[in-house]
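FYI, the numbering for the sequence shown is -17 to -1, 1 to 405, going by mature numbering (1 follows the signal peptide of the UniProt record, and there is no 0).
A quick write-up on the structure given underneath.
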Amino acid sequence: MKFLPALCCLIISSAFSQTTLEQDIIDIEPKVIEWRHHFHQNPELSNREFKTAEKIAEHLKSLGFEVQTGVAKTGVVGILKGDLPGKVVALRADIDALPVTERNDLPFKSEVRDTFLGTETGVMHACGHDTHISILMGVAEVFSKHKDKIKGTIKFIFQPAEEGPPPGEEGGASLMVKEGVLENPKVDAIFGLHINSATPVGTIKYKPGGMMAAVERFVVNVKGKQTHGSQPWGGVDPIYISAKIIDGYQSIISRESNLLVEPAVITVGKITSGVRFNIIPESAELIGTVRTLDADMRTKIITRMTEMTETIAKAYGGEATIEFQENTLVTYNDPDLTSQMLPSLEKAAGKDNVKLMKAVTGGEDFSYFQEVVPGLYFYLGGMTPGNTEAFPHHTPDFKIDDNGLILGVKAMTYLALDYLNN
């Protein structure tokens, strides 16, 4: 059943004083900002979020929650059981940072350094996960004051390794699901958000259906025959074969994919081959990514890439193999749930500030939760209004306006409360 806006407000006022709830949200803002600054100054890489998890768990325990630690290595789960019977809703925040050296002028900038894949690097919350943690901690504190009026159970999921676990390790949302985070108690629906540096503060963006892309990582190994650079006819050039394979991949997108259905992308981001200017090497390695928003298109693209890799290499006298690694599924917002909860987002931000967006080819492992239970994921504005330049995610200059966090607290609070009271 779809909520009517008036009904949403009626439901909240029947259990809570609307004034009290809004005041609690307003009162928590200074704490949320303080937490955000702390996490920003103390970032930790994927599957290594030890101190981050410790601070989260300490906060949830102080609120009287049932707390589970060590979930999917460093994840934390807090459970708040309302005094009234009802459904179970989950709220999720990701907690890991990136191997990026910060170079902005924030007074709380990160000076942390660590080693990533054998290379020393700065560590930075360059995708805003520090804001996600702080927002969800704020929501938890707001709800802790109203346990006697909550109809059902709220599960707070603080997820590690959204950016991907280190090579050879499991992690992230898929491992949390594997370990049963959506069970005991069984979750009926899940909500999540992502701060966005290109969306103005006070704005929420959403999309029913496929919102973010499925992500595959692929590795191609090309085998040729080594020879002197002055005598290419004496060998088989794996670099030349690699160029032909890359060209073939792009024809899959431009000539074989119906982009009127959904967008799709194949990108080769790394090529490794050779040691010297006058030697045609024996092998080459290509590493890249595939992004799709439609299951049938994904299957077709992967099939055609496999066929092309083998046949193009053979046509030029070499051999080649391709391996795919699934990183995320399509972030799919359940259309019925999205329609049902839209009034809650509009109530939080104001109807004119909730905007329908187009799908993006970035990926998000929140999709693994959505594969199991209906979910809704949305963008939260983090750009200072009036700015003409956004600070892109995953860059040293990334910046988020603290004033955007309070809307995140309000939106997640209303989503959970309205869902439980439906």
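The C-beta atom is built at its ideal place from N, Cα and C for all residues, glycine as well.
**OP:** Have a look at I295, T304 and T210 and flag the residue whose alpha-carbon is nearest the alpha-carbon of R259.
**Re:** Closest in alpha carbon position to R259, among I295, T304 and T210, is T210.
**OP:** Compare the beta carbon distance of E85 and S93 with 8 Å and say whether it is the shorter of the two.
**Re:** yes
Original post:
What are the partner residues of E199, as DSSP defines its beta bridges?
Top reply: V273 and E309
Original post:
Roughly how many angstroms lie between the CA atoms of R31 and E239, to the nearest whole one?
Top reply: 42 Å
Subject >> Reference V393; option with closest CA among S327, E265 and Y351 >> reply: The residue asked about is misnamed: residue 393 is Lys in this sequence, not Val. Measuring from the Cα of K393, the nearest candidate turns out to be S327.
Subject >> Start and end residues, alpha helix (DSSP H) containing T294 >> reply: A278 to A298
Subject >> Endpoints, the alpha helix (DSSP H) within which E41 is located >> reply: F33 to S45 is the extent of the alpha helix (DSSP H) around E41.
Original post:
To the nearest angstrom, how far is it from the Cα of K56 to the Cα of E27?
Top reply: 13 Å
Original post:
What is the rounded straight-line gap between the Cα of L388 and the Cα of G231?
Top reply: 45 Å
Original post:
Among A73, V355, N87 and G58, which residue has its Cα nearest to the Cα of D79?
Top reply: G58
Original post:
If E306 sits next to F201, beta carbons under 8 Å apart, how far is it from one beta carbon to the other, in whole angstroms?
Top reply: 7 Å
Original post:
Whose CA, out of H376, N261 and P221, lies closest to the CA of G300?
Top reply: P221
Original post:
Should W18 go down as buried or exposed, given a rule of 16 or more other Cβ atoms within 10 Å for buried?
Top reply: buried
Subject >> Residues that T255 bridges to, as DSSP identifies them >> reply: Beta-bridge partners of T255 (DSSP): E268.
Original post:
Smallest Cα separation from H177: which of I116, D317 and K208?
Top reply: I116
Original post:
Three-state secondary structure (DSSP) at F174?
Top reply: strand
**OP:** Kindly identify the DSSP beta-bridge partner or partners of K134.
**Re:** L67
**OP:** Tell whether a beta-carbon distance below 8 Å holds between P360 and E347.
**Re:** According to the sequence displayed, residue 360 carries Tyr and not Pro. Y360 is a Cβ neighbour of E347, given a cutoff of 8 Å.
Original post:
In chain order, what residues of the same chain lie with their CB nearer than 6 Å to the CB of A40, ignoring the 5 residues before and after it?
Top reply: V50, T52 and V59
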